[in-house]
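Step one of this worksheet: look at the structure below.
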Amino acid sequence: MRDLAGKSCILTGASRGIGRTLALRLAAEGVLVTAIARGAEALESLSAESAGIQAHPCDVTDEDGVRDATTGHLERHGNIDILVNNAGTGTFGPIEEVPYREFLRTMEINAGGTYLFMQAALPHMKKAGDGDIINIASVVGLKGYPDQAAYGASKHAVMGLTRSIATEAAPSGIRVRAVCPGGVDTDLIRQARPDLDPATLIRTDDVAEAVLFMLKMSDSGITDFLPIRRKGSEPQL
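Shown next as structure tokens:
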């Protein structure tokens, strides 16, 4: 297993949910984290919990903002060892009830933000000849589900980006992979699916553990994507 201490990481969607838990877990492993999110106050609260976390407010759909965030990270740490694209949103409902503008916004954040940060980080990883990119996708990006056309399309796009960039980046020694959780106990899922029993939802700690597992794997074997289904749900075989 690889030691992560001293590595540097850009983590998007870091102010709450999966991202917040992951930021703290990475920092506990000795990783120097640049925490990205739109909410400055929530980021400052997060960074106050660990000296290893640096807050950088940024909208992942803003090209200039993404470049500035990447430059700021490089000025602080000199390189980008890890990029975790976690920022996301969800729009749910029958397709005839979801306005096209909401579809586009979901695509812009979930897929577009992932694209922009990979675009910004990859040249530096290629120059270093090493790096890890982990995209937080979803089981919805592996299989179709009703009332999730917008969200599902965006997560299928994230999987497409992951697979494409993995083949582009592999010759440079860069590993590009995805974690695909089912329903995670976050504000987003509780608002979208109030019918789900919280006891059956995946914990944010479980997703963070999956990311750490992938990052620590030796180069002798690699997991390209890792589905995590919630307890009692249908196996994705």
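Numbers in the working numbering are just positions in the sequence shown, counted from 1, shifted up by 105.
Yeah, the Cβ is synthetic: ideal placement off N, Cα and C, and Gly gets one too.
Is the beta carbon of residue i sitting closer than 7 Å to the one on residue j?
i, j, result
"residue 163", "residue 145", "no"
"residue 242", "residue 264", "yes"
"residue 214", "residue 166", "yes"
"residue 192", "residue 240", "no"
"residue 255", "residue 211", "yes"
On the DSSP letters alone, give me the boundaries of the beta strand (DSSP E) that residue i sits inside.
i, result
"residue 159", "158 to 162"
"residue 113", "113 to 117"
"residue 236", "236 to 241"
Excluding the five sequence neighbours on either side, which residues of its own chain have a C-beta within less than 6 Å of the C-beta of residue i, listed in chain order?
i, result
"residue 279", "230, 236"
"residue 342", "With a pLDDT of 39 at residue 342, under the threshold of 50, the modelled position of that residue is not reliable, and the figure given next carries that caveat. So no residue of the chain qualifies."
"residue 286", "307, 312, 333"
What residue range is occupied by the uninterrupted alpha helix (DSSP H) comprising residue i?
i, result
"residue 199", "Neither: residue 199 is in no alpha helix (DSSP H) and is coded neither H nor E."
"residue 282", "Run containing residue 282: none in the alpha helix (DSSP H); it sits in the beta strand (DSSP E), 279 to 286."
"residue 345", "Past the boundaries of the shown model lies residue 345; the chain is included only from 106 to 342, so the question cannot be answered."
"residue 219", "218 to 233"
"residue 127", "122 to 133"
Within 10 angstroms of the Cβ of residue i, are there 16 or more other Cβ atoms? Answer buried if so, exposed if not.
i, result
"residue 305", "exposed"
"residue 327", "exposed"
"residue 291", "buried"
"residue 111", "exposed"
"residue 206", "exposed"
Which residues in the same chain as residue i place their Cβ atom closer than 7 Å to its Cβ, once the five residues preceding and following it in sequence are excluded?
i, result
"residue 198", "252"
Could you tell me which residues DSSP pairs with residue i in its beta bridges?
i, result
"residue 138", "114, 158"
"residue 189", "116, 239"
"residue 333", "286"
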